[in-house]
Amino acid sequence: MFIEIPKSGVSEETKLRIESALPEPKVYAGWQFKEYKWINPQELNTKHNGYTDNTVRRGGTPDNESLEELLRRGLDTSKLTISICPENNVINGFTRVQKLIQIGYSEWIVALYDRDEDCRTEFQREFIDYLDDMRLGANQGDGSTPATVEDFLEIGKKRFAKRKDQSSLAVERWVHSIPHSFSKKQVEGIANNIFKHYKRQGVVEKLNRDEAEKLVDVLAPESELVNTKSATYAIRLFNKIAKAKIDNAPPVDFVTFHSDATTHKEVDDGRRAVIKVLDELHSQYLAYAEAYYKNSTKWWNNLGALPQKIDHEDPNKLA
Numbered sequence: 003m004f005i006e007i008p009k010s011g012v013s014e015e016t017k018l019r020i021e022s023a024l025p026e027p028k029v030y031a032g033w034q035f036k037e038y039k040w041i042n043p044q045e046l047n048t049k050h051n052g053y054t055d056n057t058v059r060r061g062g063t064p065d066n067e068s069l070e071e072l073l074r075r076g077l078d079t080s081k082l083t084i085s086i087c088p089e090n091n092v093i094n095g096f097t098r099v100q101k102l103i104q105i106g107y108s109e110w111i112v113a114l115y116d117r118d119e120d121c122r123t124e125f126q127r128e129f130i131d132y133l134d135d136m137r138l139g140a141n142q143g144d145g146s147t148p149a150t151v152e153d154f155l156e157i158g159k160k161r162f163a164k165r166k167d168q169s170s171l172a173v174e175r176w177v178h179s180i181p182h183s184f185s186k187k188q189v190e191g192i193a194n195n196i197f198k199h200y201k202r203q204g205v206v207e208k209l210n211r212d213e214a215e216k217l218v219d220v221l222a223p224e225s226e227l228v229n230t231k232s233a234t235y236a237i238r239l240f241n242k243i244a245k246a247k248i249d250n251a252p253p254v255d256f257v258t259f260h261s262d263a264t265t266h267k268e269v270d271d272g273r274r275a276v277i278k279v280l281d282e283l284h285s286q287y288l289a290y291a292e293a294y295y296k297n298s299t300k301w302w303n304n305l306g307a308l309p310q311k312i313d314h315e316d317p318n319k320l321a
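Sequential numbering from 3 applies to the sequence shown in our numbering.
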């Protein structure tokens, strides 16, 4: 599907052949495709707000040799080409522009888009909103890398900073207004993360695991770190406590934090819940030990496993 493009002097015949072979231009909210345009890559403006980069991409397309090799072969007409808006401002394909300049191309085809107020979304007010949304969705071009959950989180937090409705449902509507390939669970995760980001502001300090570990190394070195967002972490801690007791090791010191709290009540509830779970497990261990002392039999019976090996296990019987 590659059509070779001379580094200079592309014939009208080649231009028409490429334009007719490219896929249908992608549709983006707030934008209208105008035309294909042949331009010197050096005339393309990749600098926006002082940054020579894509405003929505935390990592961008890797600057690797494979992309350069593909571009030397020409243009893959099965994929979208670089998109720009008026004044030759690059919307997506920043790494490709750099590579085209390095290789020495003086002509390349780009897709020109213009802002269209008639099809904008409720989340597009300033021009940067239009740009960011299109860049998040422009992930099908030659050599491009799809925007990640982290990319959406970064732009979403910026987008909803001044919006009155910062609910998770509003964030979900915003995500679905942009082309993406996320699962329902991933979309809900993005929405929940941004919603809680603003709900906790000025109320609770957000701590992820890495940040909490760095802090505990200063405040209580050598202690166990326990996340109070789920009882699972308390259960894991008790296994360490039981082993320390059996091994006649020193008592286990631990420090708690809540990675998901948005209110003081959630912080307090989480702290109390850890102690409650530990007390309950302590009592259950003692009761189990006493029962085992009276009847020294392991109190479990593995009935088998659900059949999963295709052509090796009967799907109607336990394996």
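The beta carbon of each residue, even a glycine, is placed where N, CA and C say it ideally should be.
Asked	Found
Where does residue 187 land, buried or exposed, given buried means 16+ other C-beta within 10 angstroms?	exposed
So, do the stretch 230-238 and the stretch 271-285 have three or more beta carbon pairs nearer to each other than 8 Å?	yes
Spell out the partners DSSP gives residue 77 in its beta bridges.	5
What first and last residue would you give for the alpha helix (DSSP H) that runs through residue 238?	233-248
Using the three-state DSSP reduction, which class does residue 165 fall into: helix, strand or coil?	coil
Within its chain, find whatever has a CB closer than 6 Å to the CB of residue 76; leave out the 5 residues flanking it on each side and keep chain order.	4, 5, 6 and 7
Would you please state the rounded distance, in angstroms, between the beta carbons of residue 79 and residue 23? I believe it to be under 8 Å.	4 Å
Alpha helix (DSSP H) containing residue 176: first to last residue?	170-178
Is it the case that the Cβ atoms of residue 105 and residue 72 are separated by a distance below 8 Å?	no
Assuming residue 236 contacts residue 279 under a Cβ cut-off of 8 Å, what Cβ separation, rounded to an integer in Å, is found between them?	4 Å
May I ask you to report which of helix, strand or coil DSSP gives residue 270?	helix
At a cut of 8 Å, does the stretch 206-213 reach the stretch 171-181 through at least three beta carbon pairs?	no
When you compare only the Cα positions, how much space is there between residue 96 and residue 149?	14 Å
With DSSP as the reference, label residue 100 as helix, strand or coil.	helix
Below 8 Å CB to CB, which residues in the same chain sit around residue 320 once its five sequence neighbours on both sides are set aside?	305, 306, 307, 308 and 309
Helix, strand or coil: which one does DSSP assign to residue 116?	strand
Can you tell me whether DSSP reads residue 38 as helix, strand or coil?	strand
Using DSSP with H/G/I as helix, E/B as strand and the rest coil, what is residue 226?	strand
For residue 110, collect the residues of the same chain with a Cβ closer than 6 Å to its Cβ; drop the 5 residues on either side in sequence, then sort them by chain order.	43 and 102
Taking 6 Å as the limit between beta carbons, can you name the residues of its chain near residue 11, skipping five residues before and five after?	none
Residues bridged to residue 256 by DSSP?	226
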